[in-house]
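Numbered according to the working numbering, the sequence shown spans residues 12 to 454.
Please read the structure below before turning to the comments.
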Amino acid sequence: MEKLKDPTFRFAFREYLREINLSRVRIACVLGFTLVPLFSLLDYFVVRDYFGTFLLIRFACSFLTLLLFLFSFTQWGGRSINVIGGVTALLIGATISLMTRYLGGYESPYYAGLNLVMLAISMLYAWEVKITAVVCLIMYGVYIIPVFLYDQITHPEILISNNSFLLSTMGIALTGAYFVSRLRYQEFESRYKMEESRRALEISNQKLKELGYIKGQFFADISHELRTPLAVIRGEAEVTLRGKEKPISEYKRVLEYIILLADQLNKLVSDLLFLARSESGNLQIEKREVVLQEIIREAFHEGEVLALKKGMTLSLNGLPEEEIVFQGDPQRLRQLFVIIIDNAINYSRVGGAVEIAWEKGEGWGRMIIHDHGVGIPKESLPHVFERFYRVEKTKSIAKGTGLGLPIAKWIAEAHDGKITIASQMDVGTTVTVHLPIFERVKA
Numbered sequence: 012m013e014k015l016k017d018p019t020f021r022f023a024f025r026e027y028l029r030e031i032n033l034s035r036v037r038i039a040c041v042l043g044f045t046l047v048p049l050f051s052l053l054d055y056f057v058v059r060d061y062f063g064t065f066l067l068i069r070f071a072c073s074f075l076t077l078l079l080f081l082f083s084f085t086q087w088g089g090r091s092i093n094v095i096g097g098v099t100a101l102l103i104g105a106t107i108s109l110m111t112r113y114l115g116g117y118e119s120p121y122y123a124g125l126n127l128v129m130l131a132i133s134m135l136y137a138w139e140v141k142i143t144a145v146v147c148l149i150m151y152g153v154y155i156i157p158v159f160l161y162d163q164i165t166h167p168e169i170l171i172s173n174n175s176f177l178l179s180t181m182g183i184a185l186t187g188a189y190f191v192s193r194l195r196y197q198e199f200e201s202r203y204k205m206e207e208s209r210r211a212l213e214i215s216n217q218k219l220k221e222l223g224y225i226k227g228q229f230f231a232d233i234s235h236e237l238r239t240p241l242a243v244i245r246g247e248a249e250v251t252l253r254g255k256e257k258p259i260s261e262y263k264r265v266l267e268y269i270i271l272l273a274d275q276l277n278k279l280v281s282d283l284l285f286l287a288r289s290e291s292g293n294l295q296i297e298k299r300e301v302v303l304q305e306i307i308r309e310a311f312h313e314g315e316v317l318a319l320k321k322g323m324t325l326s327l328n329g330l331p332e333e334e335i336v337f338q339g340d341p342q343r344l345r346q347l348f349v350i351i352i353d354n355a356i357n358y359s360r361v362g363g364a365v366e367i368a369w370e371k372g373e374g375w376g377r378m379i380i381h382d383h384g385v386g387i388p389k390e391s392l393p394h395v396f397e398r399f400y401r402v403e404k405t406k407s408i409a410k411g412t413g414l415g416l417p418i419a420k421w422i423a424e425a426h427d428g429k430i431t432i433a434s435q436m437d438v439g440t441t442v443t444v445h446l447p448i449f450e451r452v453k454a
């Protein structure tokens, strides 16, 4: 029963047993407050001298059992159904033991009633074996302890015979309870595993649906991203070729615009190829000694051009004067920093500001890019590094395919680093690129 070591499983199993016992204990109570008085017929024919006394004892037991039955329907009673079951069994057992005291103690044949109670709780109650054993032992103790305290044992053979049957019945009851408990456990374990599998399948199915939706959106975006520049290229070419000859400057302007659009297409295709190769494991990082400041400054200057177009300010602080020589792929590192800086600018408001800072500690360095843009919703933060994912609320603000951050994450991890993001809607976003720095300072 290895699963019982799992607290969640153990709690669920005990709740399962409690649910079964809600009906089983009530059945035991009904049997108790009906059968105990009915056995007064046996008293009438076997021990008529004690009929009146035993009738009072039996009705008292029946009344208390009825109260326990009614109490089981209360909120507290429902939660403590196992306690009610134990008290019911011990109450009936104590009633039988009390009647044996009137009939000669260990010599009384009424001890046989204890056999019925033990067999009943082993069959009816959905208890763990140890609980059944404890209740049976207490019941036996209530019977046998007064025998040794108060009885003069003149017929030891009767004592041995009666107790042999009583203990044998207890052994049989506990053995049966053990095997029933194992079967019940195995049944619950199978149901629990099936439920876990069902939940896992539901989660997987939901993720597949989400992935299908995201991929559908991605292909729609990709189609748009591909069609738009192609349509513009074709349109510019057709307009330029139509009609009379135009000045060379006009042809030059159109060709420059076509080159710009071709570069956009090339970047999009390159991103797709990058992700495909990284996923297949065919993309290699070519590490060599690079000056990290140079790469950061190159990415910064490229970002300045974009920031200028949006009327924004871009600042860089904290880079040390001494050259930090870092083992990395310069092309990929530059791509990483450019992606993060471009994102910060694209999702910022016109005329805003983006601050870039470099911090260095013992064995590590990090670049912090903070913008005052639209921000990312809290529920979207766990998904921003998923391929094809784009935040719904920001799609109208900036164009994109949702490929940039997955690429940046892959590059950072390929250099044994990581990227973290903190964001607040309408306040801004902070992206931190963490890199392990095992540098030497150039002389």
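Every residue, glycine too, gets a C-beta built ideally from N, C-alpha and C.
Nothing here was measured: the structure is a model prediction, and the numbers come from that model.
Residue i classed as buried or exposed, judged by whether at least 16 other C-beta atoms fall within 10 angstroms
i, result
"F230", "exposed"
"I164", "exposed"
"I156", "exposed"
"P393", "exposed"
"V478", "Past the edges of the chain, shown from 12 to 454, lies residue 478, and the structure says nothing about it."
"V47", "buried"
"K204", "exposed"
"D17", "exposed"
"V438", "exposed"
"W87", "exposed"
"M323", "buried"
"N328", "exposed"
"G116", "buried"
"K420", "buried"
"A39", "buried"
"V316", "exposed"
"V452", "Any reading at V452 must be qualified, since the residue scores a pLDDT of 47, below 50, and its modelled position is unreliable; the value itself is stated next. Under this definition V452 is an exposed residue."
Extent of the continuous alpha helix (DSSP H) run through residue i
i, result
"R25", "P18 to L49"
"D353", "P341 to N357"
"L371", "Reading off the sequence shown, one finds Lys at residue 371, where the question assumed Leu. Counting along the chain, K371 falls outside any alpha helix (DSSP H), though it belongs to the beta strand (DSSP E) covering A364 to G372."
"R90", "Q86 to R90"
Extent of the continuous beta strand (DSSP E) to which residue i belongs
i, result
"Q435", "K429 to Q435"
"H445", "G439 to P447"
"E300", "R299 to V302"
DSSP state of residue i mapped onto helix, strand, coil
i, result
"F70", "helix"
"W138", "coil"
"D162", "coil"
"L325", "strand"
"H426", "coil"
"I380", "strand"
"V58", "coil"
"E8", "Outside the modelled stretch of the chain, which goes from 12 to 454, sits residue 8, for which no answer is possible."
"Q295", "coil"
Beta carbon proximity, residue i to chain D, threshold 8 Å
i, result
"A137", "Among the protein chains of the structure shown there is no chain D, as only one such chain exists."
At least 3 beta-carbon pairs within less than 8 Å: the segment 18–31 vs the segment 54–71: no
Cβ contact (3+ pairs, closer than 8 Å) linking the segment 332–342 and the segment 303–315: yes
Stretch pair the segment 115–134 + the segment 172–191: three plus CB contacts closer than 8 Å: yes
Cβ pair count under 8 Å reaching 3, the segment 264–276 against the segment 306–314: no
Cβ pair count under 8 Å reaching 3, the segment 75–85 against the segment 93–102: yes
At least three beta-carbon pairs within less than 8 Å, the segment 345–358 to the segment 307–327: yes
Three-pair Cβ contact test at 8 Å for the segment 432–446 versus the segment 382–391: yes
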